[in-house]
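Report on one structure; see the data block that follows.
Numbering (the numbering used here), first residue to last: 630 to 1357.
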């Protein structure tokens, strides 16, 4: 028996597809959704001469039923697609209590996946970037070693992506997702482990370090330690983070896409990614707060967070995130392979896959395609022959480079431009990312749904966003001037440095015996920063009861203001009063907003331009391209360019360490160059993807685009594409 080709799905959505039904009356409660069809005329109005139903009658849902009638209405009749006796209840094995079925919906899945993505973003992109400086200080790590720790996440993801996206895409997605989140939680707990396996962090009193004539530093032989070996524990923790997060952004996205209407898919994915964006923002805020707590909780110390010897409680966030990930993995593991009622969306879906000239894209429509390893090379070849997919991947890589560089060095940029402490800069950047990144991500999915954009329209929206952020990035032509720093940006007498060479020694501190290893900036009462209290010629120290900061007295290098005695200095950097600060922040907000605004549309276009059976694998391949060309080299490229603007390098017993002071004008200039290069490349890739995209012709689609996407049931204009109607 054949069903009429023009039928109505949920909310009046129509599809034109012949459906065969071998079980006219399945038993009640069977997994697949059913609906009564005793009379096609009652269901969809009076048939027209060509066999289609009138559009007016089609405006009402075919399977409408009151909540009380739903079970009986769906318990008999005709199935959408046979589920082959598949268990669709939510639970673990045979334990499927009725109360859990309340969460067995697309919104329930979305909630738990959002929590998982929030934890992943908060841990990997928030906590790691916030605490990396503290970890370097606590475990005596060099910058390149901490860079390896950060890169371990992307390395693990690249190793696992092909395997997970290929086999997980054709397997039980919630189980892959649940086990992945559990592994991610174990990685967080492992990352916090070194705090509990090392001895207490010992530091000397602030009164003993840095004051003129005091004991300036430990000998290099004594300062060295064996704690740097813990970097391998951190790398393993990051590797587990990468393994666990791999299914989340490939299988998680396709699982959502398969279980909701095509129209709603961008909104669901946008909410999912918005949670992933809010995670890093929360990581910056919460991580910055934890860094104000001393790493040895309960121990009294007389140094403050502004002191360069301070190590905050970097490990608390990883413990909390690890425990939360273990808990959230339990409900995710209980979800079925597909949600109840999701079969109707498979029937309603209209293919927008790019059409290859040789027709090889039709191979992916075979139900048995992709279930064995031997199909893997053919799957890769099909994707490589899809130019729209390739250029969307390249565009994603350029955007990922900017996002990775921005998230890694954004706090450092704010710290240098506005003369902030590390914790203040991290908190400030978090406030900037929450509305711009999170709002842009959600807004991108909303716009796709609001305007019912097809694949080509989505790519044009991405192009518009990229051009807008390209124009806004020219704001980096302006910058805030450096705060004057004696011996670094100017001489002690205020004159320019000869040849730009550092000169930290002057007559006022020549007898202090100051060492360059002890960097602890202070702000003099004359508004000039000094390398350390010793370099300012300060001889005494006290504490400001109002803000708890150390105050240094009898500073011979600080100009006397209205005091009869030598000047004073306060621990920390001088406060910047840059007039360009609001304008710079506004356009940074615009750049972040439009960069994230294109992320969900680009992801939706990727899902639409490939066949349904290749969606998970396509996302896996895209993530590999994005990470290898964007995520991994992005921070390295941005870091190397920003390092070119360094004025003052750390001196670790004769070896160059990290950068203490950057030249703000050069930092803005190099950021502008890097941003322009990647934005121009991204714009070019989106243009090429749009020009090369070849949508399927109307007659080859299983239904009209309007019928499935826009809910327009008037199929009379598509008469030529509909074969002759068969009577029931």
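Cβ atoms here follow ideal geometry from the backbone N, Cα and C, with glycine treated the same way.
Short check: CB of residue 1073 to CB of residue 1221, under 8 Å?
Reading the chain shown from its first residue, position 444 is the one you call residue 1073. Reading the chain shown from its first residue, position 592 is the one you call residue 1221. No, Cβ-Cβ distance for residue 1073 and residue 1221 is not below 8 Å.
Own chain residues within Cβ distance below 8 Å of residue 1251, not counting five before or after:
Taking the first residue of the chain shown as 1, we reach residue 1251 at position 622. Take residue 1251, set aside five residues on each side of it, and the residues of its chain with a beta-carbon closer than 8 Å to its own are 1018, 1021, 1022, 1025, 1235, in chain order.
Using DSSP with H/G/I as helix, E/B as strand and the rest coil, what is residue 1243?
On the chain shown, residue 1243 is found 614 positions in, with the first residue counted as 1. Reduced to three states, the DSSP call for residue 1243 is helix.
Beta strand (DSSP E) segment containing residue 1180, residue limits
Position 551 of the chain shown, counted from the start, is the residue given in the question as residue 1180. From DSSP, the beta strand (DSSP E) with residue 1180 extends over 1179-1184.
In this structure, does DSSP put residue 724 in helix, strand or coil?
Within the chain shown, numbered from 1, the residue matching residue 724 stands at position 95. DSSP places residue 724 in the strand class (E or B) of the three-state scheme.
Alpha carbon to alpha carbon, how far is residue 971 from residue 672? Give it in angstroms, no decimals.
Position 43 of the chain shown, counting from 1, holds the residue named residue 672. Position 342 of the chain shown, counting from 1, holds the residue named residue 971. With a pLDDT of only 39 at residue 672, under 50, the local geometry of the prediction cannot be trusted, and the value read off the model is given with reservation. Cα to Cα, the separation comes out at about 21 Å.
Quick check on residue 1256: buried or exposed, where buried means 16 or more other Cβ atoms within 10 Å of its Cβ?
Position 627 of the chain shown, counting from 1, holds the residue named residue 1256. Buried, because 16 or more other Cβ atoms sit within 10 Å of the Cβ of residue 1256.
Supposed close pair residue 933, residue 1169 - CB separation, criterion 8 Å
Within the chain shown, numbered from 1, the residue matching residue 933 stands at position 304. Within the chain shown, numbered from 1, the residue matching residue 1169 stands at position 540. About 17 Å separates the CB atoms of residue 933 and residue 1169; that is not less than 8 Å, and the two are not in contact.
Start and end of the alpha helix (DSSP H) containing residue 1094?
The count along the chain shown starts at 1 and reaches residue 1094 at position 465. Where residue 1094 is concerned, the enclosing alpha helix (DSSP H) stretches over 1084-1101.
Simplified DSSP assignment, three categories, for residue 1280
Indexing the chain shown from 1 puts residue 1280 at position 651. Strand at residue 1280.
Closest residue to residue 753 among 863, 1241, 1127 (Cα-Cα distance):
The sequence position of residue 753 within the chain shown is 124, counting from 1. Answer by Cα proximity: 863.
Rank 1241, 1247, 720, 1254 by C-alpha distance to the C-alpha of residue 968 and give the top, closest one.
Translated into positions along the chain shown, residue 968 becomes position 339. That would be 720, whose Cα lies nearest to the Cα of residue 968.
What distance in whole Å lies between the Cβ atoms of residue 745 and residue 877, which are believed to be in contact at a cut-off of 8 Å?
To locate residue 877, count along the chain shown from 1; it is residue 248. To locate residue 745, count along the chain shown from 1; it is residue 116. Their Cβ separation, rounded to whole angstroms, is 6 Å, which keeps residue 877 and residue 745 in contact under 8 Å.
Cβ neighbours of residue 872 in the same chain (closer than 6 Å, five flanking residues each side left out)
Mapped onto the chain shown, residue 872 falls at position 243. Excluding its 5 nearest sequence neighbours in each direction, residue 872 has C-beta neighbours in its own chain below 6 Å: 785, 789, 812, listed in chain order.
Should residue 965 go down as buried or exposed, given a rule of 16 or more other Cβ atoms within 10 Å for buried?
Residue numbering aside, residue 965 sits at position 336 when the chain shown is read from its first letter. The residue is buried, with at least 16 neighbouring Cβ atoms inside 10 Å.
Give me the Cβ distance between residue 814 and residue 951, rounded to the nearest whole Å; I'm assuming they're in contact under 8 Å.
Counting from one through the chain shown, the residue named residue 814 turns up at place 185. Counting from one through the chain shown, the residue named residue 951 turns up at place 322. Cβ-Cβ separation between residue 814 and residue 951: approximately 5 Å, consistent with a contact (criterion under 8 Å).
Pick out whichever of 910, 924, 860, 816 has its Cα sitting closest to the Cα of residue 828.
As a working mapping, residue 828 is identified with position 199 in the chain shown. Closest option to residue 828, Cα to Cα, is 924.
Endpoints, the beta strand (DSSP E) within which residue 1197 is located
Along the chain shown, one-based indexing puts residue 1197 at 568. Per DSSP, the unbroken beta strand (DSSP E) holding residue 1197 starts and ends at 1196-1200.
Per DSSP, which one or two residues make a beta bridge with residue 884?
The residue labelled residue 884 in the question sits at position 255 within the chain shown. DSSP, once it has assigned bridges, lists no residue as partnering residue 884.
Using only the alpha-carbon positions, how far apart do residue 945 and residue 775 sit?
One-based indexing of the chain shown puts residue 945 at position 316. One-based indexing of the chain shown puts residue 775 at position 146. Taking the straight line joining both Cα atoms gives about 19 Å.
Within 8 Å, strictly: CB atoms of residue 739 and residue 953:
The sequence position of residue 739 within the chain shown is 110, counting from 1. The sequence position of residue 953 within the chain shown is 324, counting from 1. Not a contact, by the Cβ cut-off of 8 Å.
Which of helix, strand or coil DSSP assigns to residue 1299
Within the chain shown, numbered from 1, the residue matching residue 1299 stands at position 670. Here residue 1299 sits in helix by DSSP.
Grouping DSSP H, G and I as helix and E and B as strand, with all else coil, what is residue 1153?
What you label residue 1153 is simply residue 524 of the chain shown in a count that begins at 1. DSSP, reduced to helix, strand and coil, places residue 1153 within a strand of the structure shown.
Using 8 Å as the threshold, is the segment 1097-1113 in touch with the segment 1261-1270, meaning 3 or more CB pairs across them?
With the cut-off at 8 Å, the segment 1097-1113 and the segment 1261-1270 do not touch.
Distance CB(residue 906)-CB(residue 750) smaller than 8 Å:
Translated into the one-based positions of the chain shown, residue 906 becomes position 277. Translated into the one-based positions of the chain shown, residue 750 becomes position 121. Going by C-beta atoms, residue 906 is nearer than 8 Å to residue 750.
Proximity of residue 1197 and residue 1161 at Cβ, strictly below 8 Å
For this step, residue 1197 is matched to residue 568 along the chain shown. For this step, residue 1161 is matched to residue 532 along the chain shown. No.
Beta-carbon contacts of residue 1067 that lie in its chain and below 6 Å, excluding the five residues immediately before and after:
Residue mapping note: residue 1067 aligns to position 438 of the chain shown, counting from 1. Taken in chain order, the residues that qualify are 903, 906, 907.
DSSP beta-bridge partners for residue 858?
Taking the first residue of the chain shown as position 1, residue 858 is located at position 229. Residue 858 is bridged by DSSP to nothing; it lacks a bridge partner.
What does a CB cutoff of less than 7 Å around residue 1152 pick up in its chain, not counting 5 residues either side in sequence?
Residue 1152 sits at position 523 when you count from the first residue of the chain shown. Taken in chain order, the residues that qualify are 1158, 1198, 1199, 1201, 1202, 1203.
Does the separation of the CB atoms of residue 741 and residue 1102 fall below 8 Å?
Within the chain shown, the letter at position 112 stands for residue 741. Within the chain shown, the letter at position 473 stands for residue 1102. No. Outside cutoff.
With distance defined between alpha-carbon atoms, name the residue in 1163, 1100, 1268 nearest to residue 1146.
For this step, residue 1146 is matched to residue 517 along the chain shown. The shortest Cα separation from residue 1146 among 1163, 1100, 1268 belongs to 1163.
Would residue 851 be called buried (16 or more neighbouring beta carbons within 10 Å of its own) or exposed?
If you number the chain shown from 1, residue 851 lands on position 222. Because the pLDDT of residue 851 is 46, which lies under 50, any placement of that residue in the model is unreliable, and the number read from its coordinates should be weighed accordingly. Its Cβ having fewer than 16 others within 10 Å, residue 851 is exposed.
Whole-angstrom Cβ separation of residue 729 and residue 806, contact assumed at under 8 Å?
As a position in the chain shown, residue 729 is number 100, starting the count at 1. As a position in the chain shown, residue 806 is number 177, starting the count at 1. That belief does not hold up - the Cβ atoms of residue 729 and residue 806 are roughly 17 Å apart, past 8 Å.
Three-way DSSP call (helix, strand, coil) for residue 1319 in this model:
Here residue 1319 refers to the residue found at position 690 when the chain shown is read from its first residue. In the structure shown, residue 1319 sits in a helix (DSSP, three-state: H, G or I).
In three-state DSSP terms, what is residue 774?
What you label residue 774 is simply residue 145 of the chain shown in a count that begins at 1. In this structure, residue 774 counts as helix in the three-state DSSP scheme.
What three-state label does DSSP hand residue 893 in the structure shown?
Residue numbering aside, residue 893 sits at position 264 when the chain shown is read from its first letter. Of the three classes helix, strand and coil, the one that applies to residue 893 here is coil, per DSSP.
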